[in-house]
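For reference, the structure is listed below as structure tokens.
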Amino acid sequence: MRFAENCFSHNYISTIGVECKSRTIELGDKRVRIQLWDTAGQERYRTITSNFYRGSHGIAVAYDVTDRNSFNMVTSWLAEIAKNSSDNSITVIIANKIDMINHRQVTEEEGRNLAESHKLHYFETSAKDGSGVAEAFRFMASKIVASMEIKPDYIKRSKESFMIKRMEKEPAKKEKCC
Numbered sequence: 009m010r011f012a013e014n015c016f017s018h019n020y021i022s023t024i025g026v027e028c029k030s031r032t033i034e035l036g037d038k039r040v041r042i043q044l045w046d047t048a049g050q051e052r053y054r055t056i057t058s059n060f061y062r063g064s065h066g067i068a069v070a071y072d073v074t075d076r077n078s079f080n081m082v083t084s085w086l087a088e089i090a091k092n093s094s095d096n097s098i099t100v101i102i103a104n105k106i107d108m109i110n111h112r113q114v115t116e117e118e119g120r121n122l123a124e125s126h127k128l129h130y131f132e133t134s135a136k137d138g139s140g141v142a143e144a145f146r147f148m149a150s151k152i153v154a155s156m157e158i159k160p161d162y163i164k165r166s167k168e169s170f171m172i173k174r175m176e177k178e179p180a181k182k183e184k185c186c
């Protein structure tokens with residue numbers, strides 16, 4: 009919600025199955041439409057959510073720094089991702105709720121070490137105040153776009169199917185002569 013709609017709600021409702029949001033951003037001279045598929049983290053939804061990894065260009069595994077159990081689940085999610093995603097997929101680890109300093113159970117060092125052990129990028133964010141959120145998604149989008157430019161048949165699809173367009177100047181308006 010923070011990235012797609014720039015809002016935050018204290019009324020948290022667990023994701024049931026999958027939710028989708030989108031946002032268009034500019035990366036250099038390109039306009040990129042990002043579709044975010046928020047999958048449920050609960051074990052009972054694993055068979056549903058693992059299907060979404062197959063066609064994903066980027067995967068963000070988020071955990072709550074105030075909940076040690078959510079951090080402990082990251083390794084099993086990464087194993088599931090490795091089993092079901094494309095080799096071209098960009099994966100990052102995101103530590104969320106860093107604004108809750110007094111309730112933190114997982115240190116930044118632990119998060120960075122986990123990401124490093126899997127050779128992944130690591131981001132610390134707060135959905136509440138927005139810190140780090142845009143940076144994480146912009147990083148992923150830029151890596152995906154760069155991969156597509158190097159390898160146009162990225163995940164066996166053409167560039168055009170990803171709604172990435174070069175920004176063009178507005179055409180000059182023709183003035184009427186009479």
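Numbering (the numbering used here), first residue to last: 9 to 186. Just so it is clear, CB atoms sit at the ideal spot from N, CA and C, and this is done for glycine as well.
Checklist entry - Which residue or residues does DSSP assign as beta-bridge partners of I102? => result As a working note, residue 102 is residue 94 in the sequence shown. According to the DSSP secondary-structure assignment, I102 is paired through a beta bridge with A70, F131.
Checklist entry - What number of angstroms, rounded off, separates the C-alpha of E88 from the C-alpha of H126? => result For the purposes of this step, residue 88 is taken as residue 80 along the sequence shown, with counting starting at 1. For the purposes of this step, residue 126 is taken as residue 118 along the sequence shown, with counting starting at 1. The alpha-carbon atoms of E88 and H126 are separated by roughly 13 Å.
Next on the checklist: Is V40 a contact residue of the ligand ADP, with contact defined as CB to any heavy atom under 7 Å?
Outcome noted: What this structure holds is no ligand at all, so the ligand ADP is not there to describe.
Next on the checklist: Measuring straight from C-alpha to C-alpha, what distance separates T115 and L44?
Outcome noted: Start at 1 with the first residue of the sequence shown, and residue 115 comes out as number 107. Start at 1 with the first residue of the sequence shown, and residue 44 comes out as number 36. When rounded, the distance between both Cα atoms is 27 Å.
Checklist entry - Under the three-state reduction of DSSP, which class applies to S30: helix, strand or coil? => result Within the sequence shown, the letter at position 22 stands for residue 30. In the structure shown, S30 sits in a strand (DSSP, three-state: E or B).
Checklist entry - Per DSSP, I42 is paired with what? => result Reading the sequence shown from its first residue, position 34 is the one you call residue 42. DSSP, once it has assigned bridges, lists R31 as partnering I42.
Item to check | Euclidean distance between Cα positions of C28 and K151 | outcome: Taking the sequence shown and counting its residues from 1, one reaches residue 28 at position 20. Taking the sequence shown and counting its residues from 1, one reaches residue 151 at position 143. Using only the alpha carbons, I get a separation of about 21 Å.
Item to check | C-alpha distance - D72 paired with M81, whole-angstrom precision | outcome: To locate residue 72, count along the sequence shown from 1; it is residue 64. To locate residue 81, count along the sequence shown from 1; it is residue 73. Counting only the Cα atoms, M81 lies some 11 Å from D72.
Next on the checklist: Tell me the DSSP secondary structure of N96 in three-state form.
Outcome noted: The residue given as residue 96 occupies position 88 in the sequence shown. Three-state result, N96: coil.
Item to check | Buried or exposed by the 16-neighbour rule on C-beta atoms within 10 Å, applied to S84 | outcome: Counting from one through the sequence shown, the residue named residue 84 turns up at place 76. A residue is called buried once 16 or more other Cβ atoms fall within 10 Å of its Cβ, and S84, having fewer, is exposed.
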